[in-house]
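J.:
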Amino acid sequence: MGNFFADLIICAFILGTFGIAHLFANFLRLWLTAGAQSDLTLTQIIDLDQYSKEYAWIIKLAVNCFGYSCILVPGLLIYKYTNKTNYIEKRDSGPIHKAVKFCFTGSDIERIEPTASKTPSNKAVTTDFVVLIYCFVGLMGSYLTWGVLQEKIMTQEYKGADGKLSYFKDSQFLVFANRVLAFVISGSYLFVKQQTRHRAPMYKYSFASFSNIMSAWFQYEALKFVNFPTQVLAKSCKIIPVMLMGKIVFRTKYEFYEYLTAVLISIGMVFFLTGSLDESKASSVTTITGLFLLSMYMLFDSFTSNWQGDLFKTYGMSAIQMSCGVNLFSAFFTAASLSIQGGFLASLEFSLEHPKFVFDCVVLSISSAVGQLFIFYTISVFGPVVFTIIMTLRQAMAILLSCLIYHHTISVLGIAGIIVVFLAIFLRVYCDQRHKALRRRAEANRTKLAV
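Using the UniProt record's numbering, read the sequence shown as starting at 1 and increasing by one per residue.
Written out as structure tokens, the structure reads:
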């Protein structure tokens, strides 16, 4: 009987939070419409022309975060309550108890994963070359498609059945679609491969998930204020906030060449921004807003990579398991936020009026999910160095494609900035390999001396 009441309290935390969130959303909708009755959803009201584009994203961000609280707040309350009442230690075979235990303590199940078929140590050069081409084409094809469609959806107008042109404005729905499909693909892979060895508490993924959806949302919103080449080059500079986050949060030590390449990347980015300002988005407010959104994208993305790296070291899960766990929470977060602000209804109406958008959105999500699988496969076969080189080339190709398709203009100074950034990236890859080789040689020498 005690566990029954405890289960009721846990359910009350969840339902109560959602109820309060919906009441707040209705109050905000009435406030934005000055008390007038309206059939528009909260998302549609925020997207009205009466709200300046430069500042509407602030309201959207606040509403999104409030929607995320529908997952975070009950999760925190349940965590505190179960610790205080020793709920997890009690013997119970109910579904709620199992779910809470799995979420906060992880799983004790440890099965042997099926061993992969062994391949000869000396692969034929032809076979290596074919597999490398396969990975190269897969990564290039998936992420170049994703980049082109990302810019199209966020910056181009769609023609409706009535001939009226309109923009799709809900970045949150795109994040939701991408994460749901990525979860389905990674979950299906784990189910087929029977990878059940997993000790990490599920809630550990929520931190990386939250920062991941925030970085994705900032990335989509930034395209409303800066062009795609600027965004791509900014991604090349995310090593800077990653280093800062590692230094501040995890006390990571870096070599001199790492600081040097970070400075070169910063200089190249300044050159590029100075020589490639988009005249169609020329206002100072717009430019500052775009750069701020890109900065927030890099900040959250750097936390994601550092947090995931720490989870890999602590729990030793596979990359596919990490993808599945993070995307599961991301789907929960974005679904809760969209339900609060009526984003599902608004996006559905836009989809019905613009069939081409549906096709673009589906292909965007598929290319993103398939690209993740190619990332894991490429790193597992050829290592991170080859992967970094391929993705660096992909970024250069993405800038070129964007300029050709969407007619962006880049000055000589901007081109010089691009060259400096990519040279710094390749220099960093070379120095990383050189540093590792010297360290292995030093360890080998110490071993010989010890013998």
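All C-beta atoms in this analysis are idealised placements derived from N, C-alpha and C, irrespective of residue type, glycine included.
#1: Give the DSSP bridge partners of L165, in chain order.
#2: Pick helix, strand or coil for A444, following the three-state DSSP scheme.
#3: With 16 as the cutoff for other CB atoms within 10 Å, does P229 come out buried or exposed?
#4: Using the Cα positions of T155 and K169, report the straight-line distance between them to the nearest angstrom.
#5: Ends of the alpha helix (DSSP H) at M214?
#6: Return the first residue and the last residue of the alpha helix (DSSP H) that R179 is part of.
#7: Tell me which residue opens and which closes the alpha helix (DSSP H) that H407 is part of.
#8: To the nearest whole angstrom, what separates the beta carbons of V100 and T85, a pair I think is in contact under 8 Å?
#9: When burial is assigned at 16 or more other CB atoms within 10 Å of the CB, is R179 buried or exposed?
#10: Inspect the beta-carbon positions of F129 and P201 and report whether they are closer than 8 Å.
#11: I believe L40 touches Q341 by the beta-carbon criterion, under 8 Å. Please report the beta-carbon distance rounded to the nearest angstrom.
#12: On the three-pair Cβ rule with 8 Å, is the region 363-372 touching the region 137-151?
#13: I need the straight-line Cα distance from L28 to G343, nearest angstrom please.
#14: From L32 to Y189, what does the alpha carbon distance come to, in whole angstroms?
#15: Is it right to say C11 is buried, meaning 16 or more other beta carbons lie within 10 angstroms of its own, or is it exposed?
#16: Classify E151 as buried or exposed, calling it buried when 16 or more other Cβ atoms lie within 10 Å of its own Cβ.
#17: Given a cut-off of 8 Å, decide if I88 and residue 454 are closer than it, judged by their beta-carbon atoms.
#18: Should G163 go down as buried or exposed, given a rule of 16 or more other Cβ atoms within 10 Å for buried?
#19: Per the contact definition of three or more C-beta pairs closer than 8 Å, is the region 262-272 in contact with the region 416-436?
#20: If you run the structure through DSSP and keep just helix, strand and coil, what is S117?
#21: Tell me whether A282 sits in a helix, a strand or coil according to DSSP, three-state version.
#22: When you compare each of F136, V192, D92, I213 to L174 by their alpha carbons, which one comes out closest?
#23: Starting from F344 and walking both ways along the alpha helix (DSSP H), at which residues does that stretch end?
#24: Looking at the unbroken alpha helix (DSSP H) that takes in I46, where does it start and where does it end?
#25: How many whole angstroms separate the CB atoms of L244 and Q231, which I take to be in contact at a CB cut-off of 8 Å?
#26: For the alpha helix (DSSP H) that T105 lies in, which residues bound it at each end?
#27: On the three-state DSSP scale, how would you describe T33?
#28: Can you tell me which of the three DSSP states A200 falls into?
#29: Do M391 and L139 have their C-beta atoms within less than 8 Å of each other?
#30: Report the three-state DSSP secondary structure of Y257 (helix, strand or coil).
#31: Going by alpha carbons, who is nearest to A216 out of L8, N306, T447, N327?
#32: Counting beta carbon pairs with one atom in the region 399-412 and one in the region 349-358, are three or more of them shorter than 8 Å?
#33: Label V285 either buried or exposed according to how many other C-beta atoms from any shown protein chain fall within 10 Å of its C-beta, with 16 as the threshold for buried.
#34: Quick check on I415: does DSSP put it in helix, strand or coil?
#35: Mind checking Q433: buried by the 16 CB within 10 Å criterion, or exposed?
T.: On the basis of the supplied data:
#1: Bridge partners of L165 according to DSSP: K159.
#2: Of the three classes helix, strand and coil, the one that applies to A444 here is helix, per DSSP.
#3: It is buried - the Cβ of P229 has at least 16 other Cβ atoms within 10 Å.
#4: Their Cα atoms are separated by approximately 9 Å.
#5: Element bounds for M214: 204-222.
#6: In this chain, the alpha helix (DSSP H) harbouring R179 covers 171-193.
#7: H407 -> no alpha helix (DSSP H), and no H or E assigned at all.
#8: Taking C-beta atoms under 8 Å as the contact rule, V100 and T85 fail to qualify, at a distance of about 11 Å.
#9: By the C-beta density criterion, R179 is buried, having at least 16 other C-beta atoms within 10 angstroms.
#10: No.
#11: The C-beta separation of L40 from Q341 comes to about 11 Å, leaving the pair out of contact by the 8 Å criterion.
#12: Using a Cβ-Cβ distance cut-off of 8 Å, the region 363-372 and the region 137-151 are in contact, since at least three pairs of beta carbons, one from each stretch, lie closer than that value.
#13: So the alpha carbons of these two residues sit roughly 15 Å apart.
#14: The alpha-carbon atoms of L32 and Y189 are separated by roughly 45 Å.
#15: Exposed.
#16: Using a 10 angstroms sphere on the CB of E151, the tally of other CB atoms reaches 16 or more, which defines it as buried.
#17: Nothing about residue 454 can be reported from this structure: the residues present for the chain run from 1 to 451 only.
#18: Exposed: under 16 other Cβ atoms inside 10 Å.
#19: With contact defined as three or more Cβ pairs closer than 8 Å, the region 416-436 and the region 262-272 are in contact.
#20: Legend: pLDDT at S117 = 41, less than 50; position of this residue unreliable, no value from coordinates given.
#21: Residue placement at A282 is poorly supported in this model, since its pLDDT is 47, which falls under 50; the coordinates are not used for a value here.
#22: Nearest C-alpha to L174: I213.
#23: Segment 343-353, the alpha helix (DSSP H) holding F344.
#24: Its alpha helix (DSSP H) spans residues 42-46.
#25: The pair is not a contact, with the Cβ atoms about 20 Å apart (cut-off 8 Å).
#26: Unbroken alpha helix (DSSP H) run through T105: 95-105.
#27: Per DSSP, reduced to three states, the secondary structure at T33 is coil, with no helix or strand assignment.
#28: Residue state for A200 is assigned as coil, using DSSP reduced to three classes.
#29: At the C-beta level, M391 and L139 come within 8 Å of one another.
#30: Looking at Y257 - three-state DSSP - the assignment turns out to be helix.
#31: Looking only at L8, N306, T447, N327, the smallest Cα-Cα distance to A216 is reached by N327.
#32: No, the region 349-358 does not touch the region 399-412.
#33: The pLDDT assigned to V285 is 48, lower than 50, so where the model puts this residue is not dependable, and the model offers no usable value.
#34: If DSSP states are grouped into helix, strand and coil, I415 belongs with the helices.
#35: So Q433 ends up on the exposed side.
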